[in-house]
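Below, the structure is given as structure tokens:
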């Protein structure tokens, strides 16, 4: 965190000054490790073993926060007798189809309270995840809430062998300190110190927070890493309480914003799922499948209709399903990596690259560039002439002779972009906080904001439209923002106000609770409703922290409804009283009959803790007064996920796709549902191969930004880390003849790159399974050109294209490699070297 | 003259982000210092110099990493200022030491005079450059750029007396927490430079960070030397007089 989020790390330092203990679990010794009380080096790709052992420690030692667990999680829920755990099937859950490499989650569902009891709305969701699996694929699980029976059978004594608590206990029973030692390379004493600290800092009086970043997500089991942390935090009562939670540190500014108002293919604004071809015919069918009916997703009709009204205005009417049919349909996986493979195959003809540099910044650099070379046209919008725009004339494949500029038919349009200080708008950071920033200076020359680009592109396209019926959705689009200045910049505030939404009177709405399903309200993103409440840009508020409460509600605006902590009803006990004076945050005021406290309560303000839903209730009315997790179908925190995941209801440790070690826990070595691509462009290192004996991991440095387009070009940053380097331990340096300050060549089946060598005692060789495991670390900030004052080989050229099955994220943090002294060969000889490694 | 202003750099909370180096260069328009991979941990700017006025050291000491942002010490007894023949170096109303680039003639006398090796001449420019403690910002009522940019308050700016009190309390606190290796460096007015206007809290011996353990103002002996020289001159005069007198006789 100190390494990649130094500004945010000031708060960790402040917490430390107040006595907080900081553990840093990372394969790498970073600036964070230097400031932590304890650095715990771990083998890259083994974190679920560690987290699973912590869960086991909590369960077997009786350290769980029992009152919280019973009331707020699904620990007592009883799971179908059809369910089989990885303990039964040697690393598989029930429902796996080996041919399609997918799970049917039907057997993971809850057992209904009464045999044959109808779930709300005709039993649509009574089958747990089955229906969801039929209508959506894992790529849609992140949206709209996973379905589950809202009232399963429960055993409050937690003794039923099929209750979630007992399933969990059994599932993690072999995740022991010894296993941690053998799989993670963490000595048992270090594990016990960590476990004791986590338990001691949890409960009524204390909370523990976990902070992660892409070191946890970029794995073929990335989503399950986060699930492991969620289970641990729920068991310890650390969710929805001050000082608790799981904090995702984002990769760049406003990445949170770019999922809220998505740049992802599979969701609409506000996490509504994108319609699927063939299964979401018509508004009614979409709504039947889109999300849960109980909990706040139960208002999905209002969210979607208001969105459609926002996009198509008066053209959207009840008679035409509010233009639902104007929405594009998904026909499958349209994620980044399938798109790139489509470019190679000739099915993807054009590509917009905006603020990204895939030729250097995405896994499998060569595959990315072959994709770019297969396009008809490519638009690159950036501040500098990044490698993605120049691959056709100076890319590595030109140097090796694989490609020739005269053979590449891609027409490249490079359009200069305005920087963040040259445009107005909001950033949404990881805390869901929207912060408005003003334009400080005019962009120079032809540089324009992204808003300008898309708005004027849209206007020009619309001018060229014929009367053809197929163009009607574009013609009907509301596309009329006020413009100002010489360059006719559209008003970003007008866009924010449109996102906020308006009521029948045309005035800005102040809450998503005011959204209607009858077409009388418009809202561009339901979770952002209120950011323009009272016709005021709430995101622009800048009242200093010292002049307001500790929660600082008047700095910017957080979605939803300016809540700074989600699910904060859990900061009070089931009866609505704070768990302790020390950790009081939000509580029920019996006298006034409402929830109150330091933050905006994440609960209906007047819903008493005594409220129990009547039979057949839907939406928030189906959530009882003691259920804090109001976006879930049952209002509970899910220790066991009966649906919503493509690779199992519980996290299980699987080795990375490329790993030097066997899986000691199961016969199943790697995640059975991971996405593998059998492609000649991007071959894999065989698992356990002696040719690639070292663990390879990629990372960032404080001094640079992502693929370097915004830092290699700046002398003040470039001089601080001027060359691509790799970090190795003194032991590995001795083993391979590497010299500090010299050169090394790092080889995988995809590429061989060169880097300067930094030998450091900070890099620890790990002892496990009777052998020494060396890890090679490479920052990924360099590329061959990019208008940079410093250049170097790209680390991502080394990485495989193998993905997590839920969110299609690449395994960028754990693979294998070889490392040898000296610079890499050039030209044809470089290809020969890689070929030699592939053959062996 | 206003209160004496200074820096207290608490290296125990330095996270090595180098924001101070960058902010300093941005504000003061200092050029880059070359693009050299030095293979010295995460430090590629090496040392303070004409084009690096804040420098973050990364010291790998076995199982840890010491990070520390070095800067001109703005000595009470500043030798650079003593030896400057043009008056380009002067003491400001904040009791800091600043080079006026439009007066400096590049003679370079100040360079060997500095007991810390801070001030240096810039290649191709010839003039001497160093930290000004953002003299222009101070005159505008702002704190120096490095202190402003520091996310963890490792670099603190303020009236020197106040900083010394704060530093003493911080050391006491660290000692109480068992961090007995914590010590102050340059805070003592009785040291060889009369105390630094920019002093430090270090977590190891000064030598570990490349700092002289017992710096002495290089012009300390100048008055004495002048006295010796004067005495020598006087005695020469005496001899001459005697000789002349003798001749008269």
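Chains as they are written, first to last, in UniProt numbering: chain A, 1 to 840; chain B, 1 to 249. In this text, a Cβ means the ideal position worked out from N, Cα and C, and glycines have one as well.
Do residue j and residue i have their beta-carbon atoms positioned less than 8 Å apart in this structure?
i	j	result
residue 506/A	residue 479/A	no
residue 108/A	residue 643/A	yes
residue 501/A	residue 523/A	yes
residue 270/A	residue 525/A	yes
residue 702/A	residue 252/A	no
residue 198/B	residue 7/B	yes
residue 634/A	residue 150/A	yes
residue 197/A	residue 519/A	no
residue 128/B	residue 83/B	no
residue 32/B	residue 715/A	yes
residue 816/A	residue 660/A	yes
residue 557/A	residue 434/A	yes
residue 653/A	residue 52/A	yes
Quick check on DSSP: helix, strand or coil for residue i?
i	result
residue 49/B	strand
residue 119/A	In this prediction, residue 119/A has a pLDDT of 44, which is less than 50 and means its spatial position is unreliable; what the coordinates show is noted afterwards. In the structure shown, residue 119/A sits in coil (DSSP, three-state: anything other than H, G, I, E or B).
residue 746/A	strand
residue 131/A	Its pLDDT being 42, under 50, residue 131/A is placed unreliably in this model, and the coordinates cannot settle the point.
residue 621/A	helix
residue 225/A	helix
residue 190/A	helix
residue 124/A	Here the model assigns residue 124/A a pLDDT of 34, short of 50, so the residue's position is not dependable, and the following value carries that caveat. Residue 124/A: coil per DSSP, three-state reduction.
residue 7/B	strand
residue 687/A	coil
residue 855/A	Nothing about residue 855/A can be reported from this structure: the residues present for chain A run from 1 to 840 only.
residue 719/A	coil
residue 697/A	strand
residue 371/A	helix
residue 294/A	strand
Compare the C-beta of residue i with all C-beta atoms of chain A and state if any pair is closer than 8 Å.
i	result
residue 17/B	yes
residue 125/B	no
residue 64/B	yes
residue 120/B	no
residue 67/B	yes
residue 45/B	yes
For residue i, which option in the options has the closest C-alpha, if you only look at C-alpha atoms?
i	options	result
residue 538/A	473/A, 450/A, 426/A, 626/A	426/A
residue 160/A	760/A, 302/A, 81/A	81/A
residue 333/A	633/A, 267/A, 303/A	267/A
residue 51/B	71/B, 214/B, 65/B, 41/B	71/B
residue 130/B	172/B, 158/B, 80/B	80/B
residue 132/B	182/B, 87/B, 2/B, 95/B	95/B
residue 335/A	821/A, 818/A, 802/A, 373/A	802/A
residue 709/A	791/A, 759/A, 728/A, 677/A	791/A
Is there a C-beta anywhere in chain B that falls below 8 Å from the one on residue i?
i	result
residue 731/A	no
residue 6/A	yes
residue 18/A	no
residue 716/A	yes
residue 756/A	yes
residue 740/A	yes
residue 431/A	no
residue 828/A	no
residue 702/A	yes
residue 761/A	yes
residue 341/A	no
residue 841/A	This structure cannot settle anything about residue 841/A, because the visible part of chain A is limited to 1 through 840.
Answer yes or no: does any C-beta atom of chain D fall closer than 8 Å to that of residue i?
i	result
residue 184/B	Here the protein chains are A and B, and chain D is not one of them.
**Prompt:** Is the segment 63-83 of chain A touching the segment 632-646 of chain A, taking contact as three or more C-beta pairs under 8 Å?
**Reply:** yes
**Any 3 or more C-beta pairs closer than 8 Å across the segment 175-186 of chain B and the segment 203-214 of chain B** = yes
**Request:** Kindly confirm or deny that the segment 20-35 of chain A and the segment 162-180 of chain A touch, where touching means at least three C-beta pairs closer than 8 Å.
**Result:** Touching, no, given that fewer than three Cβ pairs across the two stretches are closer than 8 Å.
**Request:** Say whether the segment 466-486 of chain A touches the segment 418-435 of chain A, bearing in mind that this needs 3 or more beta-carbon pairs closer than 8 Å, one atom from each stretch.
**Result:** Under the three-pair Cβ rule at 8 Å, the segment 466-486 of chain A does not count as touching the segment 418-435 of chain A.
**Message:** When you compare the segment 145-155 of chain B with the segment 14-22 of chain B, are there three or more beta-carbon pairs, one atom per stretch, that lie closer than 8 Å?
**Reply:** yes
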